[in-house]
Amino acid sequence: MQLLFFKHALVQYVIGSFVSLGLIQYNLDLIDGKDVEFGQIFSKASMFGKAFWLRLRMGIFTFLWTLLLIIPGIIKSYAYSMSGFIMAENPEMTAKEAMQVSEKMMAGNKWRLFCLQFSFIGWQILCILSLGIGFLWLTPYMNAATAAFYDEISREPLN
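Dropping the structure here:
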């Protein structure tokens, strides 16, 4: 049973790597007023290797920072949080470059992203009380809000 769970989690992690980039692109196109289709979520399948390496690299680095104490890991997770958006818009970038650009982009913006995410806490509690059904509506809304946040900060010049 545990082996089956592990296999399921691994497949979800691997497939989720490029699907998350497709979802990011979907939300960015939605914000830009472009026509969007559900199939766009799978549009980054050709970036499978890069997407997987980005997700794995971010996880490893965040874990290593978390070993110092919990707070540095949280701070670094916010610093790396825009890496997927950067890679989705710049497929030629490596995972390392996307993470470096994300760190520069999030300098001074980590608290703003935290406040944005924290603003959904009431809705998340209501979703839990609805036995999770509310997350069908809240999760896409939160994803779109994060994409709008990225769209805003990506227009600012990097330091």
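Going by this note's numbering, the sequence shown opens with residue 1477, and the numbers climb by one from there. C-beta: ideal position from N, C-alpha, C; glycine also.
Among L1612, L1607, V1577, Q1600, the one whose alpha carbon lies nearest that of Y1651: In the structure as shown, the chain begins at 1477 and stops at 1635. Residue 1651 is therefore absent and cannot be evaluated.
To the nearest angstrom, report how far apart F1524 and S1557 are at their CA atoms. 19 angstroms
What did DSSP end up calling Y1556 once you bin it into helix, strand or coil? In this structure, Y1556 counts as coil in the three-state DSSP scheme.
According to DSSP, is V1495 helix, strand or coil? helix
Is S1519 closer than 8 angstroms to Q1501 when the C-beta atoms are compared? In contact: Q1501 and S1519 (Cβ atoms closer than 8 angstroms).
Quick one: Cα of S1553 to Cα of M1534, how far? 8 angstroms
Could you check if K1526 is buried or exposed, using at least 16 other CB atoms within 10 Å of its CB as the buried criterion? buried
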